[in-house]
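Participant:
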Amino acid sequence: MTVEIRFRGPIANRMASPVYEVDLSISEDLRNLLERLISTHPEIAELWKTPEEVDREALILCNEADIALFDGLDTQVQSGDHIIVLPIVHGG
339 MTVEIRFRGP
349 IANRMASPVY
359 EVDLSISEDL
369 RNLLERLIST
379 HPEIAELWKT
389 PEEVDREALI
399 LCNEADIALF
409 DGLDTQVQSG
419 DHIIVLPIVH
429 GG
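Written out as C-alpha cells, the structure reads:
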C-alpha cells in the first residue's frame, strides 16, 4: 500500500524524480509521511528540514484539495492518496 507524492513546478527539476511513492501499512498523518520522506531522500532534505518548512513554502494538496481545508499537517493519509507539493512562487 502506497501514497504518491508529486512535486510540481521548479522544485521538480531539483528532485531525483518528480514522483515518490511512500509505503504505508496503516493510515498516518501527513507530518509523519513528510518526515520520513525528508529523512530518506537527501535531495528533499536540501530544500526542507521539517514538514513545517514544506507547509510554509509550498501549497500541499491531498487528493487535489488544500490540506488547510482539513487538518493541515495532521491530515490523515491512506493508501492510494495522492499528495501534490506545489511551490509558492511570487515576485514583484
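Numbering-wise (the numbering used here), the sequence shown opens with residue 339 and increments by one.
Glycine residues also receive a C-beta, built at the ideal position from the N, C-alpha and C atoms.
These numbers come from a predicted model, not from an experiment.
#1: Helix, strand or coil, according to DSSP, for PRO356 in the structure here?
#2: Taking Cβ to Cβ, would you say LEU375 is nearer than 8 Å to CYS400?
#3: Verify whether the separation of the beta carbon atoms of VAL423 and GLU366 is less than 8 Å.
#4: Should PRO380 go down as buried or exposed, given a rule of 16 or more other Cβ atoms within 10 Å for buried?
#5: Just to confirm, is the Cβ distance from ILE421 to ILE349 under 8 Å?
#6: At which residue ranges does the region 344 to 412 contain complete alpha helix (DSSP H) runs of 4 or more residues, listed in the order of the chain?
#7: Measure how close the beta-carbons of ILE426 and ALA396 come, nearest whole angstrom, since I'm counting them as under 8 Å.
#8: Determine the DSSP secondary structure at VAL427, reduced to helix, strand or coil.
#9: Starting from the C-beta of PHE345, find all residues in its chain whose C-beta is less than 6 Å away, skip the five residues before and the five after it, and write them out in chain order.
Facilitator: With the given structure in hand:
#1: Here residue 356 corresponds to residue number 18 of the sequence shown, with the count starting at 1. Here PRO356 carries a coil assignment [DSSP, helix/strand/coil].
#2: Locating residue 375 in the sequence shown gives position 37, where the first residue counts as 1. Locating residue 400 in the sequence shown gives position 62, where the first residue counts as 1. No, Cβ-Cβ distance for LEU375 and CYS400 is not below 8 Å.
#3: Taking the first residue of the sequence shown as position 1, residue 423 is located at position 85. Taking the first residue of the sequence shown as position 1, residue 366 is located at position 28. It is not a contact, given that the beta carbons lie outside the stated cut-off.
#4: Here residue 380 refers to the residue found at position 42 when the sequence shown is read from its first residue. Burial call: exposed.
#5: For the purposes of this step, residue 421 is taken as residue 83 along the sequence shown, with counting starting at 1. For the purposes of this step, residue 349 is taken as residue 11 along the sequence shown, with counting starting at 1. Their beta carbons are not under 8 Å apart, which means ILE421 does not touch ILE349 by this criterion.
#6: Correct list: 368 to 378, 380 to 383, 389 to 395.
#7: Within the sequence shown, residue 426 is the residue found at index 88, counting from 1. Within the sequence shown, residue 396 is the residue found at index 58, counting from 1. Contact between ILE426 and ALA396 holds, since their C-beta atoms are separated by about 6 Å, short of 8 Å.
#8: For the purposes of this step, residue 427 is identified with residue 89 of the sequence shown, where counting begins at 1. Under the three-state reduction of DSSP output, VAL427 falls in the coil class, being neither helix nor strand.
#9: In the sequence shown, counting from the first residue as 1, residue 345 sits at position 7. Same-chain partners within the cutoff: MET353, PRO356, VAL423.
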